[in-house]
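Undergrad:
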């Protein structure tokens, strides 16, 4: 179980998380939705210990990552996680099979002679065949995401964290990735947190959806409840509307003359 | 009023800059300490070390050899001309060329060329890994960028730079001989006896020991600039430039102090 309480994080001059309280029960898939820059990826990085929160605690099976200081303890904590990065983050200098089995050397005691066979199995799980010797630069965006997924599950983690798994993919490939997430959930029986702003993906893969807005959790409910909610903030986000309580600037800067002109027109 | 605001702003800017520099120094020191700790704690990735030795050594060898060959030629030409001017014949050309090359020019010029060639490549590679989240991926896969990326590069530099410098010593002295024999008409036996009548092992060691200091400077600065890159492609460019400029300046500045120390302990 992952339990976050009062998680706060600020970058110089910019608060990102202002007190996030979230829980992911064993076996569930929690989708975190929210606009760009709302802090959902930062939260995911706090969970795996890549970013240290300024305040609050994040407990995973009773271990609080915010209290761990020794590198060995943090590495041991991270062992239970698989992490899918937004841009796949495959190692350019290694082949596909070396990428998939990279973590096995450090996370498991499996002999190196078995790595290639394991890579083949994991790649088959994500629907890839005969790509073991290719380089990441030879793969399409969707294939890179699948290889990254195979790498994330290679050491058989208890928790899988997905950072924008469908971003940058076409709608069909996005759906394929969603199906893969569901399949892996059934096969591996893991607990997952999926950070996304793709509502179709969130509805499909999640057993619960939480929305983060301005660094706080605005709502947390089942996909069915989120679909029919009357909360104006959640409604605006899930319907993808530019007008509503969530204010998005059209431009960061508008010339004064234009602004004045608009003002005059409004006065008339 | 404006004046006091201006002064406050200058003081603020100065303070911010001083804070940034001291933070960088602290993080650099932490990287060096962390490298030493990982070397003692975990097995060294010898395959990575070998890869880096090949990349740094083999790719830099032609350019360092050519550079020092021509430097030796210029030295012989200048020495011969000066000697002719004062003594009416070219005296001690072999002595001047060999002492200058072995004690100073070969180590420094090799270090400068390698920092421009391999140091830049390291900063660009690690910088790209940082902005594409590959460094974060290393953490999630159970290892540490210091262990997997920094240590192999530092060790490779420490092993390769002395070898490149010894080759550069010979290349420079050979360049000097070409000019001495062809242009100045000095017999080969005279050129060689000019060298070996005066040079002792401590003169060679003076230049050779410097290369370990230079290797440490270039490798740590390049790795540090790479793994602290921020800001996408533009950031990678800035880090690469900073790595080269800082490495070259540090080599030239620290060369003075190393020379002074070696002279003080009699290795000169």
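Residue numbers (our numbering), protein chains in the order written: chain A, 113 to 380; chain B, 517 to 784. We put the CB at the ideal spot given by N, CA and C, even for glycine. Every value quoted in this text rests on a predicted model; they were computed, and no experiment measured them.
Since residue 307(A) is in the alpha helix (DSSP H), which residue starts that stretch and which ends it?
TA: No alpha helix (DSSP H) holds residue 307(A); the beta strand (DSSP E) holding it covers 303 to 307.
Undergrad: When you compare the CB of residue 160(A) with every CB in chain E, is at least one pair closer than 8 Å?
TA: Checking the listed chains, one finds no chain E in this structure; the protein chains it contains are A and B.
Undergrad: So residue 273(A) is in the beta strand (DSSP E); what residue range does that whole segment cover?
TA: 271 to 275
Undergrad: Report the rounded CA-to-CA distance for residue 129(A) versus residue 168(A), giving the unit in angstroms.
TA: 10 Å
Undergrad: For the alpha helix (DSSP H) containing residue 113(A), list its first residue and its last residue.
TA: That residue, residue 113(A), is in no alpha helix (DSSP H); it is neither H nor E in DSSP.
Undergrad: Exposed or buried, residue 275(A), counting other C-beta atoms within 10 Å across all chains shown (16 or more means buried)?
TA: With 16 or more other Cβ atoms within 10 Å, it is buried.
Undergrad: With 8 Å as the threshold, decide whether the Cβ of residue 190(A) is near any Cβ in chain B.
TA: Residue 190(A) counts as touching chain B.
Undergrad: Per DSSP, which residues does residue 315(A) bridge with? Please list them.
TA: In the DSSP output, where bridge partners are listed per residue, residue 315(A) has none listed.
Undergrad: Give the secondary structure of residue 652(B) by DSSP, where H, G and I count as helix, E and B as strand, and everything else as coil.
TA: helix
Undergrad: Within a Cβ cutoff of 8 Å, which residues of the same chain sit near residue 148(A), ignoring the five residues on either side of it in sequence?
TA: 309
Undergrad: If we cut at 8 Å on Cβ distances, does residue 697(B) have a partner in chain A?
TA: no
Undergrad: Identify the contact partners of residue 199(A) in chain B, using a Cβ-Cβ distance below 9 Å as the criterion.
TA: 648, 649
Undergrad: Looking only at C-alpha atoms, which of 565(B), 538(B), 585(B), 748(B) sits nearest to residue 618(B)?
TA: Of the candidates 565(B), 538(B), 585(B), 748(B), the residue whose Cα lies closest to the Cα of residue 618(B) is 585(B).
Undergrad: Would you list, in chain order, the members of the segment 214 to 240 of chain A that have their beta-carbon closer than 7 Å to a beta-carbon of chain B?
TA: 214, 215, 218, 219
Undergrad: What ranges does the alpha helix (DSSP H) occupy inside the segment 589 to 633 of chain B, keeping only unbroken runs of at least 4 residues that lie completely in it?
TA: 609 to 616, 622 to 630
Undergrad: At a CB distance below 8 Å, what residues from the segment 649 to 677 of chain B approach chain A? Give them in sequence order.
TA: 649, 650, 652, 653, 655, 656, 657, 658, 659, 660
Undergrad: Looking at the unbroken beta strand (DSSP E) that takes in residue 133(A), where does it start and where does it end?
TA: Residues 126 to 136.
Undergrad: Taking 8 Å as the threshold (beta carbon to beta carbon), is residue 155(A) in contact with chain B?
TA: no
Undergrad: Whole-angstrom Cβ separation of residue 755(B) and residue 741(B), contact assumed at under 8 Å?
TA: Going by Cβ atoms, the distance from residue 755(B) to residue 741(B) rounds to 4 Å, so yes, they are a contact pair.
Undergrad: Secondary structure at residue 369(A), three-state DSSP: helix, strand or coil?
TA: Bear in mind that a pLDDT of 49 at residue 369(A), under 50, signals an unreliable position, so the model cannot answer this.
Undergrad: Measuring only the C-alpha atoms, how far is residue 517(B) from residue 543(B)?
TA: With a pLDDT of only 46 at residue 517(B), under the threshold of 50, the placement of this residue in the model should not be trusted; the figure read from the coordinates follows. Going by the C-alpha atoms only, they are around 39 Å apart.
Undergrad: Which class does residue 706(B) belong to by DSSP, given the choice of helix, strand or coil?
TA: helix
Undergrad: Within the chosen definition, does the segment 175 to 184 of chain A reach the segment 667 to 676 of chain B through at least 3 CB pairs nearer than 8 Å?
TA: no
Undergrad: Measure from the alpha carbon of residue 728(B) to the alpha carbon of each residue in 604(B), 563(B), 623(B), then state which is nearest.
TA: 623(B)
Undergrad: Taking 8 Å as the CB-CB cut-off, is residue 349(A) touching chain B?
TA: no
Undergrad: Flag this pair as touching only if the segment 215 to 223 of chain A and the segment 258 to 273 of chain A have three or more C-beta atom pairs under 8 Å; answer yes or no.
TA: yes
Undergrad: How would you call residue 378(A), buried or exposed, if buried means at least 16 neighbouring beta carbons within 10 angstroms?
TA: Confidence at residue 378(A) is low in this model, with a pLDDT of 39, below 50, so its placement is unreliable and the value that follows should be read with caution. Exposed, since its Cβ has fewer than 16 Cβ neighbours within 10 Å.
Undergrad: As a quick exercise: from 300(A), 299(A), 282(A), pick the residue whose alpha carbon is nearest that of residue 313(A).
TA: Among 300(A), 299(A), 282(A), the Cα nearest to that of residue 313(A) is on 282(A).
Undergrad: Could you tell me the boundaries of the alpha helix (DSSP H) in which residue 222(A) lies?
TA: No alpha helix (DSSP H) contains residue 222(A), which DSSP labels as neither H nor E.
Undergrad: Roughly how many angstroms separate the alpha carbons of residue 254(A) and residue 285(A), rounded to a whole number?
TA: 6 Å
Undergrad: Hey, would you say residue 635(B) sits closer than 8 Å to residue 763(B), going by beta carbons?
TA: yes
Undergrad: Identify, in the order they occur along the chain, each residue of the same chain with its Cβ nearer than 6 Å to the Cβ of residue 533(B), setting aside the five sequence neighbours on each side.
TA: none
Undergrad: Check whether chain B comes within 8 Å of residue 195(A), counting only Cβ atoms and requiring the distance to be less than that.
TA: yes
Undergrad: For residue 347(A), which of 146(A), 304(A), 206(A) has the nearest alpha-carbon?
TA: 146(A)
Undergrad: What first and last residue would you give for the beta strand (DSSP E) that runs through residue 153(A)?
TA: Counting along the chain, residue 153(A) falls outside any beta strand (DSSP E), though it belongs to the alpha helix (DSSP H) covering 152 to 160.
Undergrad: Which of the three DSSP states is assigned to residue 329(A) in this structure?
TA: strand
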